[in-house]
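If you read the sequences in order, they're chains A and B. Per this note's numbering, the very first residue in the first sequence carries number 3; after that it's consecutive. Per this note's numbering, the very first residue in the second sequence carries number 3; after that it's consecutive. Note that beta-carbon positions come from the ideal geometry of N, C-alpha and C, so glycine has one too.
Number of protein chains: 2
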Amino acid sequence: MKQREDHVTTVGELGESGVLARVLAQLSDSDAAIVGPGDDCAVLRTVGDVVVTTDTMIEGPDFRLAWHDGFELGWKLAATNLSDVAAMGARPTALTVALAVPRETPVSLLERIAEGLDAACRALAPGCGVVGGDLGRAPVIVASVTAVGDLEGRAAVLRSGATPGDIVAYAGELGLAGLGLSVLFAEAADGDGLAHSRSLPELWRTHPEAIAAQLAPAPPIPLGVAAAEAGATAMMDVSDSLSIDAGRMAVASDARIAFDAERLRLAFGVQSDVEVPVDAMLYGGEDHGLLATFPAEAILPTGFRVIGEVVSAQAPDERITLDSAPLTARGWDPYTVQYPGAA
Amino acid sequence: MKQREDHVTTVGELGESGVLARVLAQLSDSDAAIVGPGDDCAVLRTVGDVVVTTDTMIEGPDFRLAWHDGFELGWKLAATNLSDVAAMGARPTALTVALAVPRETPVSLLERIAEGLDAACRALAPGCGVVGGDLGRAPVIVASVTAVGDLEGRAAVLRSGATPGDIVAYAGELGLAGLGLSVLFAEAADGDGLAHSRSLPELWRTHPEAIAAQLAPAPPIPLGVAAAEAGATAMMDVSDSLSIDAGRMAVASDARIAFDAERLRLAFGVQSDVEVPVDAMLYGGEDHGLLATFPAEAILPTGFRVIGEVVSAQAPDERITLDSAPLTARGWDPYTVQYPGAA
C-alpha cells in the first residue's frame, strides 16, 4: 500500500520486532562479541576483570528533543557511559541499551539514536558496539545504557587512590559543555523551551564548539587505558563539574586537591579558539573528560595537562582549593556564569 | 523535627543522595565485586568470558502497583534477568539497576524494590548482587536491570544448537505464572484495575502458587550451569511462552521441536498441588524456566524433565508440533485459557 509521502511511521504502528529490525540495522559489531544481539544474552570475549556502569537519560530532566536530535542523544548516551569505563582504566567492549518511548515516537528517531550510539562507539572507542537491548513503552523517552569494559589484566584505577605529592591532571574539554548549556538556556530564558528548535541552527553557527561539547561530547576514551598504564593513582570522569568531582575524589582519598589557576588557564583557557573562563572550568559539567592523579615522576600520556597537586587533608570541609584558597564545590548554574559573548 | 506519623517521605523530598543511601542499605555484596557501588564503575573479578543482558519493566504495560508490591517488582526484575544469564550456561555475578520514578513515589517503595532485588539474588543466585545503578525522574516507574554472568571457561549455550535426535527438556515451573495472570485478569474483568489492591490478599489465599509464580517467579538459575556441564546443545529461558520460545529455538537451529503431551502431563501436570493443563504449559508465559536440548545419551541434571525431541525441519512453517500435529505458537491469553476453578 502506498503511503502518503508526509506520513511518519511511529513505533506503535511498526511494533517491537519491526522497530528492532530497523534499529539493529544501524549498529556495527562489537569486536569482543562472540554472540551479539538475538540470544538470551550477548557473549563477550574477556581478557581480564570487567567493569560495568549504567547511566540513564530521561526526556525532560536530562535532555530535550528540541535541543537534541536523536543522533546527538545516542552519541551522548554512549559518550557518558564510555567515559565511566575509561575512568577505571578499562577498554570499553560493549553497550546494552534499554529504550522506553511513547507509542507516537517516530521510528526514525530510534534509528537516529542507534546511529548516534554506533557513531560514538566508532569514533571514541573503536571496537566497542551495542550488543543487546530492550524496547518498551513509556510516556516520555527513557534511555538507559549499560557499558562493559575489559581491564585486560590491569588493576582498576579507583577514585580513592590520590596521594599527597601526586600531581593532578585533566584530559579532554573542560567547561565547554557547560558553556554550551549556558548558551541554550540563555536562548530559552523567556521562551517556552521550544524556541531552540528554531534558534538551534543559529546557535550551532555562532557557538559550534560549545554546542557540540554540550550535545555530543567527545571525551578522550583511550586516555583512560593510557593513564592506567602511566601509573595513575586515581581517576574519575568529570560529569557534574570539576569542583564537585574533584571534591568526591578528595573525600574518597582522604586528601585535598589543590588547583592552580594559572595552570588551568594555560592548559584550558583557550579550547578550539573558544575562551573558557576558569569559573566555567570549575563549575561547568558534562564534559566527561578524565581527571586523574599521578605520582610526581610519572610521564603523562599526551592529552593530560597538569592543573594542580594532591596535598594532605587539612580539614574535612576543605577538600579543594584554588591557589590555596578554599573552593566551594558547585555545578553549572546558567544564571551565574555567562558565556562570553552570549546574550 | 517530629513528623506526623502518617507522613510518607517521597523521592522528591529526600533527593537523590538521600534516596540512594536508603536503597544501598538494602543490598548485599556481590561475591565477584572487587569494587561495588560508588565509583565510576563496579569492578567484577572474572574467570571466563562474560554474558550480558538487559530487561526493563515499565509501570502499565509490564506491571501494576496494585498487583506488585515493590518487593515483588524487585524480585521479578532480578529473576527475569538472572534466567537469561542462566540460559547461556553462565553463573550470574552482578546486576546494575536504572530506576526512573515520579517525584511523589514513596522512598519506601524504592527500598522494597531493592529488598526484592537482593532477596531474589540471595535465593536464586547466591553470590550475585547489585553492584551499581542510577536514579532518575519519570512520569511512571521505569526499571531497567542489566545482568552480567561469568562463563567460567565454558562455551556459551546458544539457542541455535538444537540437533535432530536431541531430547527436549524443561526445568522450573511451567504454565503456573500464566495461570496466575489469568486469575489476576479474571478478577479485573469488570473492575478498574485497582480492584486487585483489595482482592489481592484473597487471591494469594486461594491461589498461592499461581500468584507467586506470576508476581515473584523462582526459576532454577543454578540449573543453567548444570545443563551446560551436562552437554546441553541449546538453551533458552521461557519468557513469552513455551510454544513461542521453542519456535524461536527451532528457527535458530533450523530444526523442529516435537512436544509429547503425555510427557508434559507426567512431568508438569501437577505442580505444587496445582493442576496445570497442557494448554497453560504451551501458551502461558513468564515462568522463566529453562528449555534445553541435550544429546539423547546425556544424563539430565536433576530438575530437568523430558518433554519432547528435536527432529529434522520439514517445512519452515512447521517448527513445533504436539504429538506430531502442527502447533501454532502463541502466548498467554487470559480470555481463552481459564484457570481451573477461577471465576
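Inter-residue spacing [alpha-carbon to alpha-carbon] between residue i and residue j
i                 : j                 : result
Ala252 of chain A : Phe270 of chain B : 59 Å
Glu320 of chain B : Val240 of chain B : 20 Å
Ser201 of chain A : Asp51 of chain B  : 49 Å
Val133 of chain B : Ala125 of chain B : 17 Å
Phe296 of chain A : Asp262 of chain A : 16 Å
Leu79 of chain B  : Ala145 of chain B : 8 Å
Gly76 of chain A  : Gly249 of chain A : 29 Å
Leu324 of chain A : Gly17 of chain B  : 29 Å
Ser32 of chain A  : Leu97 of chain A  : 9 Å
Leu217 of chain A : Glu74 of chain A  : 6 Å
Glu277 of chain B : Asn83 of chain B  : 28 Å
Ala294 of chain B : Thr58 of chain B  : 24 Å
Ala230 of chain A : Pro94 of chain B  : 28 Å
Ala68 of chain B  : Thr11 of chain B  : 20 Å
Arg332 of chain A : Gly118 of chain A : 30 Å
Gly1 of chain B   : Thr235 of chain A : Residue coverage of chain B in this structure runs from 3 to 345, which leaves residue 1 of chain B outside it and unanswerable.
Asp281 of chain B : Pro104 of chain B : 39 Å
Arg258 of chain B : Ala171 of chain B : 14 Å
Gly193 of chain B : Tyr285 of chain B : Any reading at Gly193 of chain B must be qualified, since the residue scores a pLDDT of 48, below 50, and its modelled position is unreliable; the value itself is stated next. In a straight line, the C-alpha of Gly193 of chain B is about 25 Å away from that of Tyr285 of chain B.
Val37 of chain B  : Arg114 of chain A : 35 Å
Ala215 of chain A : Leu183 of chain A : 9 Å
Ala121 of chain B : Ala127 of chain B : 10 Å
Ile223 of chain A : Ser85 of chain A  : 6 Å
Gly129 of chain B : Ala34 of chain B  : 7 Å
Val308 of chain B : Pro221 of chain B : 17 Å
Gly135 of chain B : Val150 of chain B : 13 Å
Phe187 of chain B : Leu46 of chain A  : 40 Å
Gly291 of chain A : Val87 of chain A  : 12 Å
Pro203 of chain A : Gly177 of chain A : 22 Å
Ala327 of chain A : Val313 of chain A : 13 Å
Ile213 of chain B : Gly180 of chain B : 9 Å
Neighbour list for residue i in chain A, Cβ cutoff strictly below 7 Å
i                 : result
Ser326 of chain B : Within 7 Å Cβ-Cβ: nothing; Ser326 of chain B doesn't reach chain A, min ~29 Å.
Met238 of chain B : Asp42
Asp86 of chain B  : Asp42 and Cys43
Listed by chain order, chain B residues near residue i by CB distance under 7 Å
i                : result
Arg47 of chain A : Asp51
Residue-level contact to chain A via CB, residue i, 8 Å cutoff
i                 : result
Leu67 of chain B  : no
Leu205 of chain B : no
Met90 of chain B  : yes
Pro63 of chain B  : yes
Gly76 of chain B  : no
Closer than 9 Å at the beta carbon, the chain B residues around residue i
i                : result
Ile60 of chain A : Ala102, Gly138, Arg139, Ala140 and Val144
Contact with chain B by residue i, beta-carbon distance below 8 Å
i                 : result
Ala232 of chain A : no
Ile259 of chain A : no
Val308 of chain A : no
Asp242 of chain A : no
Ala344 of chain A : Unreliable placement is indicated for Ala344 of chain A, whose pLDDT of 45 sits below 50; the coordinate value is still reported in the next sentence. No, Ala344 of chain A lies away from the interface with chain B (no Cβ there is under 8 Å from its Cβ).
Leu26 of chain A  : no
Chain-ordered neighbours of residue i on chain A, where CB pairs are closer than 8 Å
i                 : result
Ala96 of chain B  : Val54
Ile36 of chain B  : Asp51 and Ala158
Gly135 of chain B : Thr56
Within chain A, the residues that residue i reaches when beta carbons sit closer than 9 Å
i                 : result
Arg161 of chain B : Gly40, Asp41 and Asp42
> Quick one, which residues of the segment 138-150 of chain B are near chain E if we go by CB-CB under 7 Å, in chain order?
Replying inline: Absent here is chain E; the protein component of the structure consists of chains A and B.
> What runs of the beta strand (DSSP E), each 3 residues or longer, lie entirely inside the segment 69-114 of chain B?
Replying inline: 93-103
>> Which runs of the alpha helix (DSSP H) at least 4 residues long sit entirely within the segment 150-191 of chain B? Give them in chain order.
In response: 178-190
> Along the segment 273-300 of chain A, what residues have a CB closer than 9 Å to any CB found in chain B?
Replying inline: none
>> Any C-beta of chain A within less than 7 Å: which residues of the segment 170-182 of chain B qualify?
In response: none
> Where are the alpha helix (DSSP H) runs, 4 residues long or more, that stay fully inside the segment 192-271 of chain A, in chain order?
Replying inline: 197-208, 210-217, 224-231, 244-255 and 263-270
> Taking the runs of the alpha helix (DSSP H) that are 4 residues or longer, which of them lie wholly in the segment 267-318 of chain B?
Replying inline: 280-285
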